[in-house]
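A.B. asks:
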Amino acid sequence: MDDLYREVIIEHYKNPSFKGKLNPHDYSFSDSNPLCGDHIQVELRVDERGIVSEAMFDGHGCAISQASADLLMESIVGKPLDEVKQLSKQDVLELLGIDLGPVRLKCALLPLKVLKAGIYGLGEASDDLVE
Amino acid sequence: MLNVEILREDFPILKRAVQEGSLLAYLDSTATSQKPLAVIDAMNEYYRRSNSNIHRGVHTLAEEATALYEAARDRITKFINAVSAREIIYTRNTTESINLVAYSWGRSHLKSGDVVILTEMEHHSNLVPWQMLQSELGIRLEFIPVTEEGLLDLDAYRILLERKPKLVSFTHMSNVLGTINPVAEVATLAHSVGAMVLVDGAQSVPHLPVDVQALDVDFYAFSAHKMCGPTGIGILYGKEEWLVAMPPFLGGGDMIKEVHLHSFKANSLPHKWEAGTPAIAEAVGFGAAVDYLSKIGMEEIQTHEHAMTEYALDRLVEIPGVKVLGPTAEKKGGVVAFTVNGIHPHDVAQILDRDGIAIRAGHHCAQPLHEKFGIPASSRASFYFYNTAEEVDRLVAGIYKVKELFG
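Respectively, the protein sequence lines represent chains A and B.
Counting the first sequence from 1 gives a position; the working numbering is that position plus 130.
Counting the second sequence from 1 gives a position; the working numbering is that position plus 562.
And the structure:
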């Protein structure tokens with residue numbers, strides 16, 4: 131619990147490195163967490179080899195969702211899209227380095243859901259994407 | 563003056579340390595209130611001694627259970643000063659009560675183009691049922707605007723009334739702003755153009771004296787769990803003439819007088835509206851809750867909560883970066899929603915929880931209201947008669963701690 135607001139989370143929340151928009155982009159998707167109104171948009175550029183060359187997120191939300199988005203963007207730049215598709219809940223938790231209860235888990239996983247829904251071209255970011 | 567320390571003894575949960583070394587400071591009674599021993603014991607006793615299905619049974623337990631279930635209804639009737647117990651319908655909660663009116667009265671009285679007036683400060687439970695009728699029947703929804711101060715704009719309302727609405731449905735007390743709306747005035751104006759009036763009383767009945775005859779409303783909805791009673795039971799009050807005329811909502815056992823293979827005859831009031839085995843133990847608990855609140859006195863409860871609210875507002879505005887939503891203490895009940903500049907409400911609530919302080923964060927089922935004020939969410943502390951100034955102090959200290967953590 132005391133780890134929940136460890137410095138790295140607060141730092142990524144307050145000074146995100148990957149927040150903003152990408153124009154033009156190859157992938158774009160956004161969705162909300164209906165419980166708290168957190169909103170995340172993810173935009174990607176992918177090069178001809180299928181590797182993520184740039185990634186940005188935008189939106190608003192709590193420290194957990196925003197830090198999770200920033201860390202996730204950081205981690206996928208330079209990775210093949212096929213590898214990004216395989217990212218799981220566990221990967222996000224490792225990025226954050228914290229344990230989360232069920233409510234806050236939704237905050238942490240929203241960016242990954244949005245990212246994967248965008249890549250797969252789905253209509254909405256469903257929970258199945260981050261099982 | 564309430565003796566809060568003595569009243570707190572009635573609530574076992576308030577003695578709980580939710581975090582090591584921190585006693586629970588429960589500031590979330592707007593979501594649901596805590597339950598006194600009188601209610602917990604009444605339900606326990608019912609299951610231990612009298613449990614049976616109600617009505618029609620002739621054995622002793624069935625008669626006892628029926629008597630307890632109906633006695634609770636009688637107490638609720640008196641509590642809100644309804645004319646008779648026939649006007650008091652048990653439902654699951656406020657939401658179901660509103661849905662009952664939308665389903666039964668709405669589908670039988672509204673048609674395409676008819677106007678229903680709501681307000682911008684409604685809980686989702688008084689928005690979505692009407693939006694469903696909007697899709698289904700093509701009714702038109704209009705909204706009384708909320709002013710910057712957090713009050714209903716009654717001048718705009720008077721203009722909306724020129725559209726000859728069929729219904730005006732609004733909350734007695736906002737679950738976010740705390741605003742106590744002038745129900746009698748809004749109702750009189752609605753009636754003057756022939757509109758029906760439905761009031762969402764989920765936040766008002768627990769916290770202030772309510773007299774449905776004096777307010778002269780057609781329907782009034784509320785829940786037991788916000789007024790010291792159990793979850794799973796609520797009330798729809800309706801004027802008898804409407805409840806008689808409206809077509810039934812749920813069909814099944816108990817709501818019928820007779821049933822044939824191709825037809826049925828609905829039961830008399832209030833049973834016409836209560837299909838299937840109801841929440842009997844919950845009704846018993848509800849009755850005990852009403853007794854408990856009556857013994858304390860609703861005026862006294864309101865006075866104490868007003869003092870809490872005034873104190874909390876004074877303390878919160880001192881904190882740099884904190885902005886409180888809604889009007890001054892004079893115009894509101896014990897609900898204080900606020901934002902802390904640059905810090906998401908979820909983070910505020912989570913950090914306060916470390917010190918045992920329970921508040922709520924989110925849009926509190928009033929997303930359009932938050933959109934109106936241009937914020938995605940807010941933090942909300944709310945008070946009941948068992949809350950103390952010391953708990954407000956802990957809230958304020960906690961917010962300073964949050965700010966420190968986020969630097």
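For glycine and all other residues, C-beta sits at the position ideal for the given N, C-alpha and C.
None of the values given here were measured: they were computed from a predicted structure.
What does a CB cutoff of less than 8 angstroms around Ser670 (chain B) pick up in its chain, not counting 5 residues either side in sequence?
C.D. replies: Mapped onto the second sequence, residue 670 (chain B) falls at position 108. So the qualifying residues of the chain are Met808 and Pro809.
A.B. asks: Within a Cβ cutoff of 8 angstroms, which residues of the same chain sit near Ala664 (chain B), ignoring the five residues on either side of it in sequence?
C.D. replies: In the second sequence, counting from the first residue as 1, residue 664 (chain B) sits at position 102. Closer than 8 angstroms at the Cβ level, and outside the excluded window around Ala664 (chain B), lie Pro691, Trp692, Met694 and Leu695.
A.B. asks: As an exercise, report each continuous alpha helix (DSSP H) stretch of at least 4 residues that is fully enclosed by the segment 699-744 of chain B, in chain order.
C.D. replies: Runs of the alpha helix (DSSP H) inside the segment 699-744 of chain B: 716-722.
A.B. asks: Can you confirm whether Gly583 (chain B), when its beta carbon is compared against all beta carbons of chain A, has any partner nearer than 9 angstroms?
C.D. replies: Against the second sequence, residue 583 (chain B) aligns to sequence position 21. Chain A contact via Cβ: absent.
A.B. asks: How would you call Thr681 (chain B), buried or exposed, if buried means at least 16 neighbouring beta carbons within 10 angstroms?
C.D. replies: As a first step, residue 681 (chain B) must be located in the second sequence, where it is residue number 119. Thr681 (chain B) comes out buried.
A.B. asks: So if DSSP puts Ile797 (chain B) in a beta bridge, which residue, or which two residues, is it bridged to?
C.D. replies: Position 235 of the second sequence, counted from the start, is the residue given in the question as residue 797 (chain B). According to DSSP, Ile797 (chain B) bridges with B:Tyr652 and B:Phe784.
A.B. asks: Of all Cβ atoms in chain B, is any one closer than 9 angstroms to the Cβ of Asp168 (chain A)?
C.D. replies: Residue 168 (chain A) sits at position 38 when you count from the first residue of the first sequence. Yes, Asp168 (chain A) lies at the interface with chain B (some Cβ there is under 9 angstroms from its Cβ).
A.B. asks: What span of residues does the alpha helix (DSSP H) with Ala604 (chain B) cover, start to end?
C.D. replies: The sequence position of residue 604 (chain B) within the second sequence is 42, counting from 1. First-last of the alpha helix (DSSP H) with Ala604 (chain B): Leu599 to Glu607.
A.B. asks: Does DSSP classify Gly518 (chain B) as helix, strand or coil?
C.D. replies: A question about residue 518 (chain B) goes unanswered here, because the residues of chain B that appear run from 563 up to 969.
A.B. asks: Would you call Met563 (chain B) buried or exposed, if buried means 16 or more other Cβ atoms sit within 10 Å of its Cβ?
C.D. replies: Stepping through the second sequence from its first residue, residue 563 (chain B) is reached at position 1. When all chains shown are included, Met563 (chain B) counts as exposed.
A.B. asks: Comparing C-alpha positions only, which one of B:Pro768, B:Glu836, B:Arg725 and B:Val772 sits nearest to Pro744 (chain B)?
C.D. replies: Taking the first residue of the second sequence as position 1, residue 744 (chain B) is located at position 182. The residue with the shortest Cα to Cα distance from Pro744 (chain B) is B:Val772.
A.B. asks: For the segment 181-203 of chain A, which residues have a CB atom closer than 7 angstroms to at least one CB atom of chain B, in sequence order?
C.D. replies: Taking 7 angstroms as the Cβ-Cβ cut-off against chain B, the residues of the segment 181-203 of chain A that qualify are His190, Gly191, Cys192 and Ala193.
A.B. asks: Could you tell me which residues DSSP puts in a beta bridge with Leu174 (chain A)?
C.D. replies: Position 44 of the first sequence, counted from the first residue, corresponds to residue 174 (chain A). Leu174 (chain A) is bridged to A:Tyr157 and A:Ala185.
A.B. asks: Between the beta-carbon of Leu723 (chain B) and the beta-carbon of Gly668 (chain B), is there less than 9 angstroms?
C.D. replies: In the second sequence, counting from the first residue as 1, residue 723 (chain B) sits at position 161. In the second sequence, counting from the first residue as 1, residue 668 (chain B) sits at position 106. The answer is no: Cβ separation not under 9 angstroms.
A.B. asks: Got a sec: is the Cβ-Cβ distance from Tyr250 (chain A) to anything in chain B below 9 angstroms?
C.D. replies: Here residue 250 (chain A) refers to the residue found at position 120 when the first sequence is read from its first residue. No, its Cβ sits nowhere closer than 9 angstroms to a Cβ of chain B.
A.B. asks: Could you name each continuous beta strand (DSSP E) segment of 3 residues or more that falls completely within the segment 876-913 of chain B, going from the start of the chain to the end?
C.D. replies: 884-886 and 897-902, all fully within the segment 876-913 of chain B.
A.B. asks: Does the ligand NAD have even one heavy atom less than 8 angstroms from the beta-carbon of Ala238 (chain A)?
C.D. replies: In the structure on display, the ligand NAD does not appear, and there are no ligands present to speak of.
A.B. asks: Using 8 angstroms for Cβ pairs, my map puts Ser183 (chain A) next to Arg175 (chain A). What's the rounded Cβ distance?
C.D. replies: The count along the first sequence starts at 1 and reaches residue 183 (chain A) at position 53. The count along the first sequence starts at 1 and reaches residue 175 (chain A) at position 45. Indeed, because the Cβ distance is near 5 angstroms, the residues count as touching under 8 angstroms.
A.B. asks: Reducing DSSP to helix, strand and coil, say where Pro241 (chain A) ends up.
C.D. replies: Within the first sequence, the letter at position 111 stands for residue 241 (chain A). Of the three classes helix, strand and coil, the one that applies to Pro241 (chain A) here is helix, per DSSP.
A.B. asks: Assess, as a yes-or-no matter, whether the segment 599-612 of chain B is touched by the segment 847-856 of chain B under the definition of 3 or more beta carbon pairs within less than 8 angstroms.
C.D. replies: The segment 847-856 of chain B, when compared against the segment 599-612 of chain B, does touch it at the 8 angstroms Cβ threshold.
A.B. asks: Does any C-beta atom of chain B lie closer than 9 angstroms to the C-beta of Lys219 (chain A)?
C.D. replies: The residue you call residue 219 (chain A) lines up with position 89 of the first sequence. So no, Lys219 (chain A) is outside the interface.
A.B. asks: Between Ala939 (chain B) and chain A, is the shortest Cβ-Cβ distance under 9 angstroms, so that the two count as touching?
C.D. replies: Within the second sequence, residue 939 (chain B) is the residue found at index 377, counting from 1. Taking Cβ atoms only, chain A reaches closer than 9 angstroms to Ala939 (chain B), which makes this a yes.
A.B. asks: Under 9 angstroms Cβ-Cβ, which residues of chain A neighbour Met968 (chain B)?
C.D. replies: Translated into the one-based positions of the second sequence, residue 968 (chain B) becomes position 406. The question names Met, but residue 968 (chain B) in the sequence shown is Phe. Near Phe968 (chain B) (Cβ distances below 9 angstroms), the residues of chain A are Tyr135, Ile140, Tyr143, Lys144 and Ala193.
A.B. asks: Could you please give me the residues that DSSP links to Gly924 (chain B) through a beta bridge?
C.D. replies: By 1-based counting over the second sequence, the position of residue 924 (chain B) is 362. Answer is B:Ser940.
A.B. asks: Within 9 angstroms of any Cβ in chain B, is that where the Cβ of Met131 (chain A) sits?
C.D. replies: On the first sequence, position 1 is the one that residue 131 (chain A) refers to. With a pLDDT of 42 at Met131 (chain A), under the threshold of 50, the predicted position of this residue should be treated as unreliable, and no value is reported.
A.B. asks: How long is the line joining the alpha carbons of Lys151 (chain A) and Asn903 (chain B), rounded to whole angstroms?
C.D. replies: Here residue 151 (chain A) refers to the residue found at position 21 when the first sequence is read from its first residue. Here residue 903 (chain B) refers to the residue found at position 341 when the second sequence is read from its first residue. The alpha-carbon atoms of Lys151 (chain A) and Asn903 (chain B) are separated by roughly 24 angstroms.
A.B. asks: Write down every uninterrupted run of the alpha helix (DSSP H) in the segment 817-870 of chain B whose length is 4 residues or greater and which is fully enclosed by it, in chain order.
C.D. replies: With a minimum length of 4 residues, the continuous alpha helix (DSSP H) runs that stay inside the segment 817-870 of chain B are 842-858.
A.B. asks: Locate the beta strand (DSSP E) running through Ala579 (chain B), then write down its first and last residues.
C.D. replies: Sequence index remark: in the second sequence, residue 579 (chain B) carries index 17 (1-based). Per DSSP, Ala579 (chain B) belongs to the beta strand (DSSP E) from Ala579 to Gln581.
A.B. asks: So which residues of chain A does His685 (chain B) contact, with C-beta pairs closer than 8 angstroms?
C.D. replies: As a working mapping, residue 685 (chain B) is identified with position 123 in the second sequence. Chain A residues near His685 (chain B): none, gap ~15 angstroms exceeds 8 angstroms.
A.B. asks: Check Pro930 (chain B) in the structure and name its three-state DSSP category.
C.D. replies: Residue mapping note: residue 930 (chain B) aligns to position 368 of the second sequence, counting from 1. Helix, per DSSP.
A.B. asks: In the structure shown, what three-state DSSP assignment does Tyr588 (chain B) receive?
C.D. replies: Your numbering for residue 588 (chain B) matches position 26 in the second sequence. Reduced to three states, the DSSP call for Tyr588 (chain B) is strand.
A.B. asks: Of all the options B:Gly960, B:Arg648 and B:Arg570, which has the alpha carbon lying nearest to the alpha carbon of Trp835 (chain B)?
C.D. replies: For the purposes of this step, residue 835 (chain B) is taken as the residue at position 273 of the second sequence. Out of B:Gly960, B:Arg648 and B:Arg570, B:Arg648 has the C-alpha closest to the C-alpha of Trp835 (chain B).
A.B. asks: Check whether the Cβ of Pro882 (chain B) lies closer than 9 angstroms to any Cβ atom in chain A.
C.D. replies: As a position in the second sequence, residue 882 (chain B) is number 320, starting the count at 1. By this cut-off, Pro882 (chain B) is not an interface position.
A.B. asks: Out of curiosity, what's the CA-to-CA distance linking Glu747 (chain B) and Glu137 (chain A)?
C.D. replies: Along the second sequence, one-based indexing puts residue 747 (chain B) at 185. Along the first sequence, one-based indexing puts residue 137 (chain A) at 7. Roughly 53 angstroms between the two C-alpha positions.
A.B. asks: Which class does Ser659 (chain B) belong to by DSSP, given the choice of helix, strand or coil?
C.D. replies: Here residue 659 (chain B) refers to the residue found at position 97 when the second sequence is read from its first residue. Three-state DSSP puts Ser659 (chain B) in a helix.
A.B. asks: Indicate the three-state DSSP secondary structure (helix, strand or coil) for Met975 (chain B) in the structure shown.
C.D. replies: Because chain B is modelled from 563 through 969, residue 975 (chain B) falls outside the range shown and cannot be assessed.
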